[in-house]
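Residue numbers (the numbering used here): 5 to 534. Scroll down for the structure; my scribbles are underneath it.
Spelled out as structure tokens, the structure:
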């Protein structure tokens, strides 16, 4: 029995040895391990599979980029331009090293987010450099044509890409929203033209203009590439500017440029807010400088952030947790000292200021109301929050907030004269005033008949009152002229009758000796003139 156990154990060891894979023998010629052989248990050995070595240039690097600049370089995929205009733009930038330093340093807050979004969409990372051309990475930049933000959206184009623009915020300046809109626009243009250089030209010049330029060239039998089109000078230099910046970023040592270190790490984090909060309070809770908070949230146009319109804020990465902690411990009633108020009627700023318990000059300055203007009904103003103010402002107010003005009208007490057949109502209609109002001013009723020349008090705008006074004066002058003419006519007739009598007297005296039996005709009565 013991012998059988030993025999069985030996058999197991022998079988295990047969099943164990053999180590590949070393190839002493190359020093590399011999190619493994795939063994099929039933069909025997299969032919060896040859190993093909790939060139190192076709193998993606496994190491993470050391900084964001390297990450951007790895994503370059647009065809290069090599023209005299590119050389010219390179020299322009290299002659201004302080400018390169300022704009690259300013981009530190935003460019990581742009690169992330480009990579998610599979777009060339050269486009992350486009804000250097558009705005020098200044979200508060505004052009003479009213383009605004990092990506310089015109108001109309911004609305086409759902960028809210009202008195409370301008999403053309929002880091998140403007980047989303810009990449949507660039993708659309690339899909339209099939060429990144043409897409960039259209971003600068407009897709309609580029389409027309292409059509003109094709109609003339000419090539229709980017370099072949007839463009304005600004557009002609636009892509070379981007190429010049790309070249400097790609090879800074060649151009003697020094790029600031920008880590391959997010600069900011997004934090949701559920209550209205003052900008100063948000910066204090995040423990960041007010100017840094504003730089990350440049779309806000007023000293308060409304949760209904801006449900999240951007904060430096390391301060986001601090903000959340301090916000949870803060008294909710102290977060916002401002609110939005919708004017219930058209009114002067002094009346609006009285209603919201605010100094008139402060109300004008905060809400951008020029002097000499009144606030139109439905305008949204930022005013101090009080105990009666709702806890939060409705999204319908925040998302549609607009303010409208109309010139302020100064009324002046003016006395006008009634005409023949006038009533209070007719005088009121003449000056486009309510009859009841004019009747009240004159302590009368609207149907009261007036004698010609009767004084009627009305309150008119300054210019209108001057015109009315002039008209009334002309009417009185005309009346006086007419009366004077009548009096002169009467007097003239009287003088004429006297002269006739004097002229007739000598004749009568001469004829006196000859008595006349004729009776004297009675004198004709004189007409009176008004």
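All residues carry an ideal CB built from backbone N, CA and C; glycine is no exception. All of these numbers come straight from a predicted model, not from anything done at the bench.
Can you say whether residue i is buried or exposed, counting buried as having 16 or more other CB atoms within 10 angstroms of its CB?
{"i": "residue 295", "result": "exposed"}
{"i": "residue 166", "result": "exposed"}
{"i": "residue 466", "result": "exposed"}
{"i": "residue 152", "result": "buried"}
{"i": "residue 251", "result": "buried"}
{"i": "residue 182", "result": "buried"}
{"i": "residue 200", "result": "buried"}
{"i": "residue 449", "result": "exposed"}
{"i": "residue 203", "result": "buried"}
{"i": "residue 29", "result": "Only weak support is given to the placement of residue 29: the predicted model assigns it a pLDDT of 39, under 50, and the value that follows is read from those uncertain coordinates. Exposed: under 16 other Cβ atoms inside 10 Å."}
{"i": "residue 262", "result": "exposed"}
{"i": "residue 96", "result": "exposed"}
{"i": "residue 67", "result": "exposed"}
State the CB to CB distance for the pair residue i and residue j, rounded to an integer number of angstroms; the pair is presumed to be in contact (CB under 8 Å).
{"i": "residue 300", "j": "residue 179", "result": "7 Å"}
{"i": "residue 121", "j": "residue 80", "result": "Wrong, their Cβ atoms sit about 16 Å apart, outside the cutoff."}
{"i": "residue 427", "j": "residue 454", "result": "6 Å"}
{"i": "residue 421", "j": "residue 459", "result": "6 Å"}
{"i": "residue 119", "j": "residue 72", "result": "7 Å"}
{"i": "residue 437", "j": "residue 419", "result": "Actually they are not in contact, since the Cβ atoms of residue 437 and residue 419 sit about 14 Å apart, beyond 8 Å."}
Check the DSSP bridge columns for residue i and list the partner residues they point to.
{"i": "residue 274", "result": "318"}
{"i": "residue 308", "result": "282"}
{"i": "residue 410", "result": "378"}
{"i": "residue 385", "result": "345"}
{"i": "residue 173", "result": "304"}
{"i": "residue 351", "result": "379"}
{"i": "residue 417", "result": "463"}
{"i": "residue 146", "result": "152"}
{"i": "residue 157", "result": "152"}
{"i": "residue 550", "result": "Beyond the ends of the chain as shown, which are 5 and 534, falls residue 550; an answer cannot be given."}
{"i": "residue 453", "result": "427"}
At least one CB of chain B closer than 8 Å to the CB of residue i: is that the case?
{"i": "residue 183", "result": "Among the chains of the structure shown, chain B does not appear; only one protein chain is present."}
Over what stretch of residues does the beta strand (DSSP E) that includes residue i continue unbroken?
{"i": "residue 230", "result": "Per DSSP, residue 230 belongs to no beta strand (DSSP E) and is neither H nor E."}
{"i": "residue 464", "result": "459 to 465"}
{"i": "residue 344", "result": "342 to 346"}
Starting from residue i, trace the alpha helix (DSSP H) in both directions and tell me its first and last residue.
{"i": "residue 244", "result": "237 to 254"}
{"i": "residue 331", "result": "324 to 333"}
{"i": "residue 193", "result": "179 to 197"}
{"i": "residue 266", "result": "Segment: none, residue 266 is in no alpha helix (DSSP H) and carries neither H nor E."}
{"i": "residue 116", "result": "115 to 125"}
{"i": "residue 371", "result": "364 to 371"}
{"i": "residue 222", "result": "211 to 223"}
{"i": "residue 446", "result": "No alpha helix (DSSP H) holds residue 446; DSSP gives it neither H nor E."}
{"i": "residue 402", "result": "399 to 403"}
{"i": "residue 1", "result": "Since the first residue shown for the chain is 5 and the last is 534, residue 1 is missing from the structure and cannot be characterised."}
{"i": "residue 90", "result": "88 to 98"}
{"i": "residue 75", "result": "72 to 78"}
{"i": "residue 535", "result": "Nothing can be reported for residue 535, as the shown portion of the chain is limited to 5 through 534."}
(request) Take every Cβ of the region 371 to 382, pair it with every Cβ of the region 399 to 417, and state whether three or more of those distances are shorter than 8 Å. (result) Yes: the two stretches touch, three or more of their Cβ pairs being nearer than 8 Å.
(message) Under 8 Å: do the region 272 to 282 and the region 314 to 321 share three or more Cβ pairs, one atom per stretch?
(response) Segments in contact, yes.
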